[in-house]
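Colleague:
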Amino acid sequence: MPGKAPRVDAATWDRYREEIISFYRESSLKETMVKMNEKHGFQASESQYRARLKVWKIGKHTTPDTWVFIDGRMRKRRRIGKDTDVLLYGELQPPRKVAKEIARNVTLVDTLHDLSDVPTPDGVEILTPCAASPLTFDVARTKTMSYLEFVGLMRPWIVEVVASHTPLCSPDPPSQLCEMFRWYNISPCSELLLQSLSSDVTKYLANKRFSDILEYWGKYYIRIRALADSQDMELARLAQAVLLMVHMLLYESNNIHNQLEPSDAVFILQEHFPSALKDIYDLKTSSWQILRKTFLDAAVARGDITWTKSLLAQGVLPYSNAHLLDIALSTKDSAVIDLLWQAGFAHHVSFRDLDNMDTDVRFAVLCNLLRSRVTRPTQLNMVDNEYSRLVGLHCGIVLVEAASKGRTIEVTVLMDLYGSAIDRRWLGVALRAAAGFRHFQTAEHLINSGADIHSSGRFGLSTLFNLDTGTIWQRMTPIQLAAEKNDIDLVRLVLYHGAEADSFRAGASTDSDDLTPLQYAARNCNFDMARVLLDAGSHPDSGERVTEADTPLQISIRRDDERTCGLLLSSGADVNSRPAWINGRTALQAAAGTGNIPVAQMLIQKGATLNAAPGITGGMTALQAAAFGGHSAMIELLFANGADINVLPAPWGRGMTALQAAAAGGHHEIVKTLIKLGADVKGPVSHEGKTVLEAAVPHQDITMLETLITHGAEADTAHSFLRPTALEIASQIAWLEGAKYLLHCGAKVDLHIKRDGRCIGSCMTALDWAIKNNDYPMVQLLLGKSAVATITSTDFTRRFLYHSLSNGNDAAIVKLLLQHAPDPEKTIRDGHLLQTAIYGAHPHLEVYKLLLEQMAVLPKPIRVAHAELGWRCISTGHLFRRIDRALIISIADLLMDAGVNIGECLKTIGTCLQVALRQGDEDFADYLLSRGAHWDGPATEYCGTPLQEAVASGCYNIVPKLLQNGAEVNAAPCLDRPGAMTALQAAADKGLMNVARILLEAGADAAACHNGRTAIDIAARKGRFDMVALLLKSLPEVKLIATCEVAACEAESENYAVIAKWLREYAASRARETMEL
């Protein structure tokens, strides 16, 4: 592990202070650390940096609580007539930013909190400006008005102005509104203000028709527009806000009543309000971007060149380039289309946009567009602009898609009408698509239209068909695709039109399945296609030098296709062509693997090499292939002609000698034959191969093992620490008889075990496999007297025990392992065995009893400590959904009998009772209470108190028991846990009326505020009328009015207007009753 960063003295920090602050202002803390280290070799930990920045009062981030504090201090100072400057980490904040952040982070509930005792947050300074306030007018009234009060005043006035017949130009706006705009430093056009008006505007629209609004506002628009240019800034800003409301009223009114198409409504607006475009463009809020985009779509749809140019000049952008082009193409207006091309929209169209268009719709649009654009298709090549290029691209895409689906008529129409616009490469791609999907007629028409018969590569296909660019058929030539699909008619077609018989895609081969046409014909055992290709000039050894696969002759022999094999031999195929790199075979090796004596004899007569080297990875000589396949007659033929019985195996992959191959194939008689012929029992092993014993064990043939060991095979060695031994394989397949025989012959149990008890490499030992298989007889055998080595390392004993316990082995296996431990006390002293069993949810109670019995030899303090470690595993809740409930209770009984403290509280989790209630396990919680678990506990980051968890998780029967035992009904939740609630808040949140009554009777405080809300607020926010009424009955009079107002606001925020109205009426009626009394 890297060492700790050195401690840096204060003088060094001060020397680099300005540079550190400069870097930190421009980048993150981690980037600052890297820059200081690279530039000055200055090294300090992140915590040291943070501590120093705190000392310097430097920071960048603020929390909502910080703005709540700032808002409270500013309101307090405002009430006594003081102006305020806000400094964050030494920087003066503009009033506009302060107002924006307060509006974003401070809620109405926050403004009701008493912040007098709250300490000033880090980095915050509240100061009085040195100079006089810039406000020169009297704001005595506005200084005492909150922002929410201001919005409440603004809302009805704006709606009245919008709806009245005496608009803004007639009555002057209230001077107080102008002052408030200046005081809060906000725009009347701000998002926040306009959003607050949306509900009232919608109500107004519900009763107004588009024509009525249009007729009324048409008369006053010019006068209001003049006010918007007034020298009085406050009046001008109010007029601008009203103008925006006019445009949105008209447009949204049309949408609500569905009277006109959007483009028609926009054009009517343009006719009545010719300066509307400039008004809307001058506003920078995001809400009005939508209206500007709608105007652009309408201009393009109507073909209005002047309006479209004006919008584009102002920088208005569409929803998407493809969407705007769709509109333009559907209009068939060449002037608008050319204008968009010149504006650069064609350059921004991606293939994804094109793919999203429906094929048939795109085809129809293109046909209409081109017919309206040119009089004859031949004139299209004379149109030299981006429009021509994009049309050709569209047509190419449609052409390839049509070819892949065999739509010959569509291909014909496209080629006849628009062939001159299509890049010639698209024709080749379309031909490959037709060949790949076996569409003969489509392919024929494309060839007649001039498609490249040798087309290959990746042009366009990755986009068109959403395929990986490495897919083979994307790169193959048409004749390769036809041969691969076994379509002889298509092969004849492309050959007739001049395709090369050995045509192969461009570039080097990277895949053993990337073949020439003749190789595909051999693989498909298609004699007729092979003959057609050979007659057309294909080389009989086609692909030998350009692919990584077998030659056609090797493929046909491996497929046991004598007709194609004879055809290729008669055509001059080389019988000694090299084998493929991976799992390759020469012709004779392939014949030996199939056991085809006539073919092998014919190859030998033609000069095939008997002892040709195998393919480098996983290859076999002829004799090895015959032995693996169990072909005794083939072995006799090869040996009679001089085959070498001890040729080295292939160096990589699972290469094998002849004897290893016979054993791997399970052919005992051939094993005996090869041994008689002089095969080496201890022959070399390839990188991933096996010895003869390791190869023979999976067949579970005891006589074969006896034969091999009798003739010198060693049972106590392994050729590689990365491969399992014969004994380990026997244990893995649970072959008890074979394991006994191998142990009898000297096999070692600990062959892969170092002296320190660790396992070498990635192998599992024989005992590991027996434990994994829960194989008691095998475990007993490996640990018994017949084993060559016993376990001597306590660490390794623990390893086996951990494996057994986590694997859920039977108690008999665990007991057997403990019995063979050299020092039982030392083995279980650290207590991790019990933890492993509990954490792994071991299903057998006998195992827990056995482990606790073994712990009896330990001193009592250690024994109790180990039992408590196990109890903590239960307390973390890992077992509750993984194991039977009765078993958990039984384990808990055992641990409590061992002396554990049932009420132990884990620091960040809680007690076991809290965890059980959080998991909703009422039965186990009831059991814990019966065993003396404490009925109360502190709320933690993971759990609430038992009472809070019981209510939240639905364990309602536990609630009365907890209250009877004295559980704190008003206990506060942990503020570090998101969503934490008191018991009453949880009941209000879930609408549990009976539980809420029980809690109220026990003294629950309905007005208690935690995490910013009371139980009444939560009930109102959830729309639970009955719960609100119940909670209000228990509320003190002194808190009633304020609580009802806050709850009403919460209800309104979730559109529960009825509850909000009832709350305010209830508070008013109670206030009147109090006054009367």
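Numbered according to UniProt numbering, the sequence shown spans residues 1 to 1077.
Where a beta carbon is used, it is the ideal one built from N, C-alpha and C, also for glycine.
For residue 126, name the three-state secondary structure that DSSP assigns.
Modeller: strand
Colleague: Could you check which residue in 407, 895, 89, 629 has the C-alpha nearest to that of residue 62?
Modeller: 89
Colleague: Measuring only the C-alpha atoms, how far is residue 775 from residue 902?
Modeller: 37 angstroms
Colleague: In chain order, which continuous runs of the alpha helix (DSSP H) of length 4 or greater are located wholly inside the region 521–556?
Modeller: 527–535
Colleague: Give the DSSP bridge partners of residue 637, in chain order.
Modeller: Secondary-structure assignment with DSSP links residue 637 through no beta bridge to anything.
Colleague: Kindly give me the distance between the Cβ atoms of residue 486 and residue 524, rounded to whole angstroms, as I take these residues to be in contact under 8 angstroms.
Modeller: 5 angstroms
Colleague: What's the C-alpha gap between residue 566 and residue 556?
Modeller: About 9 angstroms.
Colleague: Using DSSP's beta-bridge definition, name the partner residues of residue 652.
Modeller: 617
Colleague: Would you say residue 589 and residue 617 are within 9 angstroms of each other, going by their C-beta atoms?
Modeller: Pairing residue 589 with residue 617 gives a Cβ-Cβ distance that is not under 9 angstroms.
Colleague: Determine the DSSP secondary structure at residue 647, reduced to helix, strand or coil.
Modeller: coil
Colleague: Are residue 747 and residue 715 closer than 9 angstroms when you measure CB to CB?
Modeller: yes
Colleague: Can you tell me which of the three DSSP states residue 910 falls into?
Modeller: Strand, per DSSP.
Colleague: Would you call residue 539 buried or exposed, if buried means 16 or more other Cβ atoms sit within 10 Å of its Cβ?
Modeller: buried
Colleague: Quick check on the DSSP output: the beta strand (DSSP E) that includes residue 87 runs from which residue to which?
Modeller: 85–88
Colleague: Does the region 645–662 come into contact with the region 685–693, if we say contact requires no fewer than three beta-carbon pairs (one atom in each stretch) closer than 8 angstroms?
Modeller: yes
Colleague: Going along the chain, which residues of its own chain have a beta-carbon closer than 8 angstroms to the beta-carbon of residue 1080, five neighbours each way excluded?
Modeller: For residue 1080 there is no data in the structure shown, the boundaries of the chain being 1 and 1077.
Colleague: Here's a check: name, in chain order, each residue in its chain whose Cβ is nearer than 6 angstroms to the Cβ of residue 400, leaving out the five neighbours to either side.
Modeller: Closer than 6 angstroms at Cβ, skipping near neighbours: 429, 430, 433, 464.
Colleague: Report the three-state DSSP secondary structure of residue 1010 (helix, strand or coil).
Modeller: strand
Colleague: Looking only at C-alpha atoms, which of 640, 1020, 849 sits nearest to residue 892?
Modeller: 849
Colleague: Along the chain, where does the alpha helix (DSSP H) containing residue 769 start, and where does it finish?
Modeller: Residues 766–772.
Colleague: When DSSP labels each residue in this structure, what does residue 305 get in the three-state scheme?
Modeller: helix
Colleague: Could I get the ranges of all uninterrupted alpha helix (DSSP H) runs contained in the region 17–101, with 4 residues as the minimum, in chain order?
Modeller: When DSSP assignments are scanned along the region 17–101, the uninterrupted stretches of alpha helix (DSSP H) that are 4 or more residues long and fall wholly within it turn out to be 17–26, 29–40, 46–55, 64–79.
Colleague: Mapping DSSP to helix, strand and coil, what is residue 488?
Modeller: helix
Colleague: Is residue 1016 near residue 1006, with beta carbons less than 9 angstroms apart?
Modeller: yes
Colleague: Residue 558: buried (16+ other C-beta within 10 angstroms of its C-beta) or exposed?
Modeller: buried
Colleague: Tell me, please, which residues DSSP counts as bridged to residue 889.
Modeller: For residue 889, which the question treats as bridged, DSSP gives no partner whatsoever.
Colleague: Nearest-angstrom Cα distance between residue 421 and residue 413?
Modeller: 13 angstroms
Colleague: What does the Cβ neighbour count give for residue 165, buried or exposed, with the cut at 16 atoms within 10 Å?
Modeller: Confidence at residue 165 is low in this model, with a pLDDT of 39, below 50, so its placement is unreliable and no value can be given for it.
Colleague: How far does the alpha helix (DSSP H) with residue 1049 in it extend, from its first residue to its last?
Modeller: Boundaries of the alpha helix (DSSP H) around residue 1049: 1037–1053.
Colleague: Quick one, are the C-beta atoms of residue 693 and residue 713 less than 9 angstroms apart?
Modeller: yes
Colleague: How far does the alpha helix (DSSP H) with residue 1120 in it extend, from its first residue to its last?
Modeller: Any question about residue 1120 goes unanswered here, given that the chain covers just 1 to 1077.
Colleague: Can you give me the start and stop residues for the alpha helix (DSSP H) that residue 953 sits inside?
Modeller: 946–953
Colleague: Determine the DSSP secondary structure at residue 582, reduced to helix, strand or coil.
Modeller: strand
Colleague: Buried or exposed: residue 496, going by 16 or more other Cβ atoms within 10 Å of its Cβ?
Modeller: exposed
Colleague: Near residue 46, which residues of its chain fall below 8 angstroms by C-beta distance, leaving aside the five closest residues on each side in sequence?
Modeller: The answer, listed in chain order, is 29, 30, 33.
Colleague: Give the straight-line distance between the Cα atoms of residue 933 and residue 890, rounded to the nearest whole angstrom.
Modeller: Looking at the two C-alpha atoms, the distance is approximately 16 angstroms.
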